[in-house]
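Engineer: Sharing a structure here in structure tokens format.
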Amino acid sequence: MKGIKPGFQYAHLCQPIIKGGLGLLDPMIQHRCLQFRWLRQLFQDDDPVSCSQVYMKDFAQQFHSIGTTSLSSFFFPPLHAAANIHLGSFLPTMYEAMDSFLQKGSPDVFCNPSTLLSLPLLALFLDIPSGHWLLSHNRSKLQANQFFTYDQSLHRVRPLLQPYSPPYPRLSGRLVRDLQNRTVTLNNMTWNLILNDYPDPGSVDDFPFVSWLTRSVDWISFHPQDYRQTQSDTLLTHPLSTLSPLKWKQFWSLKILPEARTICFRFIYNKLHCNASVSRFDPTVTAAYSLCHDTLEDVNHLLIACSFK
Numbered sequence: 001m002k003g004i005k006p007g008f009q010y011a012h013l014c015q016p017i018i019k020g021g022l023g024l025l026d027p028m029i030q031h032r033c034l035q036f037r038w039l040r041q042l043f044q045d046d047d048p049v050s051c052s053q054v055y056m057k058d059f060a061q062q063f064h065s066i067g068t069t070s071l072s073s074f075f076f077p078p079l080h081a082a083a084n085i086h087l088g089s090f091l092p093t094m095y096e097a098m099d100s101f102l103q104k105g106s107p108d109v110f111c112n113p114s115t116l117l118s119l120p121l122l123a124l125f126l127d128i129p130s131g132h133w134l135l136s137h138n139r140s141k142l143q144a145n146q147f148f149t150y151d152q153s154l155h156r157v158r159p160l161l162q163p164y165s166p167p168y169p170r171l172s173g174r175l176v177r178d179l180q181n182r183t184v185t186l187n188n189m190t191w192n193l194i195l196n197d198y199p200d201p202g203s204v205d206d207f208p209f210v211s212w213l214t215r216s217v218d219w220i221s222f223h224p225q226d227y228r229q230t231q232s233d234t235l236l237t238h239p240l241s242t243l244s245p246l247k248w249k250q251f252w253s254l255k256i257l258p259e260a261r262t263i264c265f266r267f268i269y270n271k272l273h274c275n276a277s278v279s280r281f282d283p284t285v286t287a288a289y290s291l292c293h294d295t296l297e298d299v300n301h302l303l304i305a306c307s308f309k
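Using the UniProt record's numbering, the letters of the sequence shown correspond one by one to residues 1 to 309.
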């Protein structure tokens, strides 16, 4: 039964010892962290010395770019499903690493009309209220070119409405009404292509997104230890101990037996085993205490209340 045995989350034990953990290395987080050495090769300029960069770029652009020869799927999670990731087993892990790195949101840059229309519909908005129909599971996979189009006469991007045969007429009308009522808000990247003339729609290009990433402070100052710590913090579902880092340093510097340190560590987190807790998952153990024959040996009785101790 879940929760019977007082244990620790593995993510908790992966915290540094001065934060109340044991400094263990989480395999999943470490696996993601190792992907950044390949992501850097993927997004940096061509290196004539590298033996793997040219093949990795070609593999990702030719076979996993949804026919656009771009790396846009690394910046927009809804594009993952459309990419043929089953042809390369390493791409799903690289996608996971990028998704965890871009948790602050999608890039808001200036691009050409063709690039904008190749993106998922959600990438065009700055603000979408929670519970909005655009955020439902099925509709979050909609594409921008299903609701917007490039007008050859206006040289601008505009909503795709009747009589231009939109794929989803009712949803297209609903989206326009939401925009008029300001229920949802378009981002600067989209407004730029709606308000300004672009005589040439151009071709799909990932350069604006790659340039935004490689010039960002988070990318330039990336450090594996900081990344692992951030990822570990997101996996914790409860706060850590209230002890200060100084107190934890004192705790780990105490010259006591490992068994005593283990008992103290569990006691700090109220995870110490006693007969009352062990009896719930081991029927051969009674909840009573053998020394004083008390009917219930809880943690308080084990460490403090028992007169025989």
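Every residue, glycine too, gets a C-beta built ideally from N, C-alpha and C.
State the Cα-Cα distance for the pair P16 and F267, rounded to the nearest angstrom.
Structural biologist: For the purposes of this step, residue 16 is identified with residue 16 of the sequence shown, where counting begins at 1. For the purposes of this step, residue 267 is identified with residue 267 of the sequence shown, where counting begins at 1. Approximately 19 Å between the Cα atoms of the pair.
Engineer: Are the Cβ atoms of S165 and F147 separated by less than 7 Å?
Structural biologist: Looking up residue 165 in the sequence shown gives position 165. Looking up residue 147 in the sequence shown gives position 147. For S165 and F147, no; Cβs fall outside 7 Å.
Engineer: What's the gap between the Cα of P92 and the Cα of Q250?
Structural biologist: Position 92 of the sequence shown, counted from the start, is the residue given in the question as residue 92. Position 250 of the sequence shown, counted from the start, is the residue given in the question as residue 250. About 43 Å.
Engineer: Provide the residue(s) that pair with R158 in DSSP beta bridges, ordered along the chain.
Structural biologist: The sequence position of residue 158 within the sequence shown is 158, counting from 1. Answer is T149, bridged to R158.
Engineer: My output table needs one value for L126: the three-state DSSP class, helix, strand or coil.
Structural biologist: Your numbering for residue 126 matches position 126 in the sequence shown. L126: strand per DSSP, three-state reduction.
Engineer: Does the segment 42-53 touch the segment 172-189, meaning 3 or more C-beta pairs lie closer than 8 Å?
Structural biologist: With a cut-off of 8 Å, the segment 42-53 and the segment 172-189 do not count as touching, because too few Cβ pairs lie within range.
Engineer: I want to know whether the segment 52-59 touches the segment 114-124 - three or more CB-CB distances under 8 Å.
Structural biologist: Result no; under three Cβ-Cβ pairs closer than 8 Å.
Engineer: For I29, report the span of its alpha helix (DSSP H) as first-last.
Structural biologist: Residue numbering aside, residue 29 sits at position 29 when the sequence shown is read from its first letter. Here the alpha helix (DSSP H) through I29 covers 27-34.
Engineer: Only counting the same chain, and skipping five residues up and downstream in sequence, which positions put a Cβ closer than 8 Å to that of T242?
Structural biologist: As a first step, residue 242 must be located in the sequence shown, where it is residue number 242. Nothing listed; no residue qualifies.
Engineer: Any idea what DSSP makes of T185, helix, strand or coil?
Structural biologist: What you label residue 185 is simply residue 185 of the sequence shown in a count that begins at 1. Of the three classes helix, strand and coil, the one that applies to T185 here is strand, per DSSP.
Engineer: Can you give me the Cβ contacts of D151 inside the same chain, cut-off strictly under 6 Å, excluding the 5 residues immediately before and after it?
Structural biologist: Here residue 151 refers to the residue found at position 151 when the sequence shown is read from its first residue. Contacts found: R158.
Engineer: Excluding five sequence neighbours on each side, which residues of the same chain lie with their C-beta closer than 6 Å to the C-beta of C111?
Structural biologist: Counting from one through the sequence shown, the residue named residue 111 turns up at place 111. Only P208 meet the Cβ criterion.
Engineer: Have a look at E96, L71, Q103 and flag the residue whose alpha-carbon is nearest the alpha-carbon of Q30.
Structural biologist: Start at 1 with the first residue of the sequence shown, and residue 30 comes out as number 30. Considering only alpha carbons, the answer is E96.
Engineer: Give every residue of the same chain whose Cβ lies closer than 7 Å to the Cβ of S232, excluding the five residues on either side of it in the sequence, and list them in chain order.
Structural biologist: Locating residue 232 in the sequence shown gives position 232, where the first residue counts as 1. Counting only Cβ-Cβ distances below 7 Å, and skipping sequence neighbours, we find A11, C14, Q15, D26, I29.
Engineer: Mind checking T190: buried by the 16 CB within 10 Å criterion, or exposed?
Structural biologist: Position 190 of the sequence shown holds residue 190. Buried, because 16 or more other Cβ atoms sit within 10 Å of the Cβ of T190.
Engineer: When the distance is taken between beta carbons, is H132 closer than 7 Å to Y198?
Structural biologist: As a position in the sequence shown, residue 198 is number 198, starting the count at 1. As a position in the sequence shown, residue 132 is number 132, starting the count at 1. Their beta carbons are not under 7 Å apart, which means Y198 does not touch H132 by this criterion.
Engineer: Sort A260, D127, R228 by Cα distance to G23 and report the nearest one.
Structural biologist: Within the sequence shown, the letter at position 23 stands for residue 23. With distances taken between Cα atoms, G23 lies closest to R228.
Engineer: Compute the distance between the beta-carbons of S130 and V204, then report whether it is under 7 Å.
Structural biologist: Working through the sequence shown from its first residue, we reach residue 130 at position 130. Working through the sequence shown from its first residue, we reach residue 204 at position 204. The answer is no: Cβ separation not under 7 Å.
Engineer: How many Å lie between residue 318 and L126 at the Cα?
Structural biologist: Residue 318 lies beyond the residue range present for the chain, which begins at 1 and ends at 309; the question has no answer from this structure.
Engineer: How many angstroms separate the CA atom of G21 from the CA atom of I263?
Structural biologist: Within the sequence shown, the letter at position 21 stands for residue 21. Within the sequence shown, the letter at position 263 stands for residue 263. Rounded to the nearest angstrom, the two C-alpha atoms are 15 Å apart.
Engineer: Hey, quick one: how far does the alpha helix (DSSP H) through L22 stretch, first residue to last?
Structural biologist: Your numbering for residue 22 matches position 22 in the sequence shown. No alpha helix (DSSP H) holds L22; DSSP gives it neither H nor E.
Engineer: Could you check the C-alpha separation between G7 and K247 for me, to the nearest Å?
Structural biologist: As a position in the sequence shown, residue 7 is number 7, starting the count at 1. As a position in the sequence shown, residue 247 is number 247, starting the count at 1. C-alpha separation (whole angstroms): 22 Å.
Engineer: Taking DSSP as the reference, what is the three-state secondary structure of Q143?
Structural biologist: In the sequence shown, the residue the question calls residue 143 occupies position 143. The answer is strand: DSSP assigns Q143 an E or B state.
Engineer: Would you decide whether S221 is buried or exposed? Buried here means 16 or more other CB atoms lie within 10 Å of its CB.
Structural biologist: For the purposes of this step, residue 221 is taken as residue 221 along the sequence shown, with counting starting at 1. With fewer than 16 Cβ atoms within 10 Å of its Cβ, S221 is classed as exposed.
Engineer: When burial is assigned at 16 or more other CB atoms within 10 Å of the CB, is L122 buried or exposed?
Structural biologist: Sequence index remark: in the sequence shown, residue 122 carries index 122 (1-based). With 16 or more Cβ atoms within 10 Å of its Cβ, L122 is classed as buried.
Engineer: Go ahead and pull the three-state DSSP assignment for P92.
Structural biologist: Reading the sequence shown from its first residue, position 92 is the one you call residue 92. Helix, per DSSP.
Engineer: If you drop the 5 nearest sequence neighbours on each side, which residues of the same chain put their C-beta closer than 7 Å to that of K255?
Structural biologist: As a working mapping, residue 255 is identified with position 255 in the sequence shown. There are no such residues.
Engineer: If the criterion is Cβ atoms closer than 7 Å, does the pair P224 and C33 meet it?
Structural biologist: As a position in the sequence shown, residue 224 is number 224, starting the count at 1. As a position in the sequence shown, residue 33 is number 33, starting the count at 1. For P224 and C33, yes; Cβs fall inside 7 Å.
Engineer: Below 7 Å between beta carbons: does that hold for P245 and I18?
Structural biologist: The count along the sequence shown starts at 1 and reaches residue 245 at position 245. The count along the sequence shown starts at 1 and reaches residue 18 at position 18. In contact: P245 and I18 (Cβ atoms closer than 7 Å).
Engineer: Do you know offhand how far W252's Cα is from A60's?
Structural biologist: What you label residue 252 is simply residue 252 of the sequence shown in a count that begins at 1. What you label residue 60 is simply residue 60 of the sequence shown in a count that begins at 1. Approximately 47 Å between the Cα atoms of the pair.
Engineer: At the level of alpha carbons, what is the spacing between R37 and V176?
Structural biologist: On the sequence shown, residue 37 is found 37 positions in, with the first residue counted as 1. On the sequence shown, residue 176 is found 176 positions in, with the first residue counted as 1. Going by the C-alpha atoms only, they are around 43 Å apart.
Engineer: Would you kindly work out how many angstroms separate the C-alpha atoms of Q162 and S100, rounded to a whole number?
Structural biologist: Residue mapping note: residue 162 aligns to position 162 of the sequence shown, counting from 1. Residue mapping note: residue 100 aligns to position 100 of the sequence shown, counting from 1. Roughly 39 Å separates the two Cα atoms.
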